[in-house]
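This report refers to the structure that appears directly beneath it.
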Amino acid sequence: MYVKEEILITGYNGSLAKQLSTTIDHSKYRIKYLTTQKSACKDNIFYWDISTNYINPQALANTHHIIHISGFSISNKWNAKNKKLMYDSRVKTSLLLYNRCIKMRINPKTFISISAMGYYGFKQNGLKTENDKPHDDWLSKLCVDWEKMADNFKKTGTRVCILRSSLIINKNAEIIQKTNIGFNIGLGLIFGSGQQQFPWIHIKDMSRFIVFIIENKNIQGVFNVASPEKISHQDFIKKIKLIKYPNSILLHVPEILLKLFIPKKKELILNNIKLCVKKMKSTGFFWEYETIERFVKNDL
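Position 58 of the sequence shown, counted from 1, bears residue number 357 in my numbering, the numbering being contiguous throughout.
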């Protein structure tokens with residue numbers, strides 16, 4: 300009799316968790332989720348609470364693979380309260396998962412943790428490989444601590460994969476929704492010079508790569524995760540205009556206005572990081588959405 304392996308996914312309410320539920324082969328795996336909402340709990344959805352260091356032990360029992368993708372959105376205001384939530388929901392949750400696995404003598408085969416391209420620092424230009432050092436700003440330090448907590452699982456022989464993700468997009472992604480607001484009133488808004496890079500990956504490809512890692516046991520370590528296409532923010536907006544909104548007008552939003560209205564988050568919009576995905580490609584993975592043009596034509 301075939302026994303399904305069990306996958307535990309954190310971040311039950313997130314779009315990536317929902318996408319994973321459609322990507323994972325349910326005939327091969329049983330999926331379990333962790334949620335911070337007690338009202339959402341049922342047969343395969345279990346409660347956890349970082350403030351009390353609680354995880355329902357049934358969530359971890361018999362778990363073969365953990366996909367840790369929870370985290371309070373970085374797109375929220377960067378005030379002291381939210382920064383703590385952003386940190387704790389990533390770093391402290393990773394430590395909680397590890398400590399509970401140790402306590403329950405559970406040794407998962409695989410621990411996959413999302414990280415972010417913010418590891419390299421948004422003010423750092425040029426092509427970044429996994430061997431490049433982190434920057435020293437707040438978001439970079441968050442990513443460093445986040446990855447260190449994930450690496451704890453190596454102590455027990457668990458295979459660890461850390462995914463330094465670019466912007467994860469589909470038609471419902473926040474950045475796409477906000478872009479469409481402008482286009483819906485006839486304006487294609489280009490932030491700053493528009494020459495800054497727009498590293499991205501389609502949510503289906505992110506989900507597929509995670510499953511690809513689980514099913515290919517030789518894959519481990521840190522990976523930059525992005526589409527192989529290198530495109531600027533301006534060219535991204537122009538591509539949407541060309542295909543979907545040909546009668547719209549392109550309008551540059553000066554950097555000074557971004558500094559005025561969103562001074563602490565402007566780096567998220569004006570970052571100029573290029574992610575080298577040579578290591579990701581070397582695994583044998585192929586992208587369904589290699590170009591923005593394919594995304595716009597098929598999903599927007």
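A virtual CB, placed ideally from N, CA and C, is assigned to each residue, including glycine.
Within the region 393-421, the runs of beta strand (DSSP E) that reach at least 3 residues and sit entirely inside it are, in chain order, 409-415. Counting only runs of 3 or more residues that sit fully inside the region 523-555, the beta strand (DSSP E) segments are 548-552, in chain order. Rounded to whole angstroms, the Cβ separation of S414 and S464 is 7 Å, and the two are in contact under 8 Å. Around the Cβ of D342, a 10 Å sphere holds fewer than 16 other Cβ atoms; the residue is exposed.
At the C-beta level, I411 and C460 come within 8 Å of one another.
Distance from the CA of Q496 to the CA of L466, rounded to the nearest whole angstrom, comes to 11 Å. Comparing C-alpha distances from I401 to each of Y419, K454 and I366 shows the shortest one belongs to K454. If you ignore the 5 residues before and after I518, its C-beta comes within less than 6 Å of the C-beta of I512 and T582, all in its own chain and listed in chain order.
Residue environment for E446: buried (at least 16 other C-beta atoms within 10 angstroms of its C-beta). Per the Cβ contact rule, the region 424-434 is not in contact with the region 372-390 (fewer than 3 Cβ pairs under 8 Å).
For the region 313-347, the continuous alpha helix (DSSP H) assignments of 4+ residues that do not extend past its boundaries occur at 314-322, in sequence order. When the Cα atoms are used, K543 and P407 turn out to be separated by approximately 46 Å.
Contact check for N523 against C575 passes: the beta carbons are separated by less than 8 Å. For the pair of segments examined, the region 476-491 was found to touch the region 538-553: the number of CB pairs separated by less than 8 Å reaches three. For L599, the secondary structure class from DSSP, reduced to helix, strand or coil, is coil. V510 is the residue among V510, T351 and N479 whose C-alpha sits nearest the C-alpha of L462. Following the DSSP letters along the chain, one finds S464 inside the beta strand (DSSP E) bounded by residues R458 to S464.
Spatial neighbours of M403 in its own chain (CB-CB distance under 8 Å, excluding positions within 5 residues in sequence) are listed in chain order as P356, L359 and A360. Remark: C-beta atoms of T322 and S506 approach each other more closely than 8 Å. Distances from the alpha-carbon of N571 to those of K540, L541, N424 and N479 put N424 closest. With contacts defined as CB atoms closer than 8 Å, W499 and I468 qualify as a contacting pair. Non-local beta-carbon contacts of E528 in its own chain, meaning distances under 7 Å to residues more than five positions away in sequence, involve E589, T590 and I591 in chain order.
Put simply, the backbone Cα of M385 is about 9 Å away from that of L441. In this structure, the beta-carbon distance from Y346 to T334 falls below 8 Å.
Here G520 is exposed: its Cβ has fewer than 16 other Cβ atoms, across all protein chains shown, within 10 Å.
In the structure shown, Y386 adopts helical secondary structure according to DSSP, grouped into three states.
A straight-line Cα-Cα distance of about 13 Å links A339 and G313.
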